[in-house]
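Reading through the structure tokens given below for one structure.
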Amino acid sequence: MKIGVLCSGGDAPGMNPCLRAIIRAAEKYNDNVVGIRRGYQGIFKEDFWGGVDRKIDPREVSGLTNKGGAFLNSSRCKEMYDEEGVKKAVQILEDHCFDALIPIGGNGTLSGARDIGKFWDGQIIGLPGTIDNDLLGTDYTIGFATAVQTGVDAVDKLRDTAGSHDMMFLVEVMGRHCGDLAAYIALAGGCEVVAIPETTTSIERIVADLRRFKALGKRSIIMIVAEGDSLGGSSEVMTALKEKGCPFEMRNVVLGHVQRGGSPCPADRVLATKLGCFAVDALHQGETGKMAGMVSGQFVLTPLDEVVQGHRRVAEEVEKLIDRMSI
Ligand code: F6P
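Numbering-wise, the sequence shown is residues 52 to 378 according to my numbering.
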């Protein structure tokens with residue numbers, strides 16, 4: 052079987068161990084795995100790692116378990132946004148006799164995979180690779196755990212200086228549609244306030260909470276704001292809090308793309324390895340048009356159509372836990 056593998060969209064720590072797992076798992080079947088460079092762009096540019104007919108040797112992916120970024124490079128590819136582009140990609144896959152495709156990425160990547168599947172007879176198994184943890188069909192996406200770790204490291208450091216100066220820090224984290232990254236960083240970092248895309252950020256309520264915290268003797272505050280919160284991020288939240296008389300002196304820190312980098316943590320390496328192997332096995336069992344994920348510790352395949360129809364939302368119990376802890 053000739054399998055193309057690509058990483059697309061925002062890179063995520065764990066994409067590299069996932070690539071390694073796919074190449075090594077495919078050895079059992081004597082498959083020919085081809086690395087497609089820079090996501091879907093690599094199909095249009097016919098940019099294949101070492102050539103389109105070369106079988107990658109498992110030794111060539113040695114040492115990828117702990118490497119951050121995307122070894123194959125990644126991109127967002129505008130040509131995939133219209134049907135003509137998708138059909139062109141299909142033609143190129145056919146010209147090069149690909150039998151299967153494993154795209155690793157988030158919602159945009161998997162939407163592209165679903166669209167290719169409408170016109171292509173080859174098999175497709177997508178893998179969830181994004182720090183956002185916003186995909187349906189899996190409890191955790193590859194990259195999320197490392198990004199949480201990165202956020203918590205930053206929060207721990209900011210807590211030191213917040214404590215020294217009796218200050219409040221707003222920390223903006225990524226997450227346009229799902230507040231999981233914000234919520235997990237807030238929980239693990241012991242943060243007092245969190246604003247997520249799933250709920251409306253109420254400045255009045257937050258100021259009332261902050262006044263209560265001050266009265267209780269709290270001297271430092273960390274508020275995590277998801278970039279997709281209802282006010283549009285931490286800078287907007289800070290301005291609104293100032294206007295409504297926030298009782299703490301504030302500073303704003305935007306973590307930005309720092310969250311996408313770094314060596315994948317063990318949880319991401321393990322998830323990437325499990326899902327990479329599962330995807331290859333699924334192809335050999337004849338599966339197609341699905342995303343491989345893990346739900347409650349079990350491997351699951353969810354139709355791409357279902358995966359891309361919406362976004363995961365923060366679990367209610369996580370929201371409640373944050374509230375319960377901020378006293
Ligand atoms: O989807 C992953 C992600 O990192 C999001 O968290 C973020 O909103 C977006 O990508 C940023 O994308 P770009 O690097 O294209 O600005």
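Note that CB positions come from ideal geometry on N, CA and C, so glycine has one too.
Just so it is clear, the structure is predicted and the values come from calculations on it, not from any experiment.
Helix, strand or coil: how does DSSP classify residue i here?
i	result
N67	helix
G337	coil
G55	strand
T116	coil
P315	coil
R353	The sequence as given places Thr at residue 353; Arg does not occur at that position. Of the three classes helix, strand and coil, the one that applies to T353 here is strand, per DSSP.
M376	helix
R105	coil
A121	coil
A366	coil
V288	helix
L152	strand
V321	helix
L186	coil
L221	strand
G327	helix
Q360	coil
I247	coil
Residue i and residue j look like a contact to me (Cβ under 8 angstroms); what is the Cβ gap, rounded to whole Å?
i	j	result
I74	V103	Wrong, their Cβ atoms sit about 15 angstroms apart, outside the cutoff.
L161	V351	Rounded, the Cβ-Cβ distance is 14 angstroms, inconsistent with contact.
I107	G90	Not confirmed; about 18 angstroms, so no contact.
A234	V222	In fact, because the Cβ distance is near 13 angstroms, the residues do not count as touching under 8 angstroms.
G226	P248	7 angstroms
F149	L70	Wrong, their Cβ atoms sit about 16 angstroms apart, outside the cutoff.
E130	G136	4 angstroms
C128	Q92	5 angstroms
T197	C316	5 angstroms
V245	A237	4 angstroms
Which two residues bound the contiguous alpha helix (DSSP H) that contains residue i?
i	result
N158	158–170
A237	231–240
G202	195–216
I254	254–267
Q92	92–95
I need the boundaries of the beta strand (DSSP E) containing residue i, first residue and last residue.
i	result
A140	Not the beta strand (DSSP E): A140 falls in the alpha helix (DSSP H), residues 134–146.
R302	300–305
> Quick one: any contact between the region 176–183 and the region 61–80, if contact means 3 or more CB pairs under 8 angstroms?
Replying inline: yes
>> With three or more C-beta pairs closer than 8 angstroms as the rule, is the region 293–310 touching the region 136–149?
In response: no
>> With three or more beta-carbon pairs closer than 8 angstroms as the criterion, would you say the region 263–275 touches the region 163–173?
In response: no
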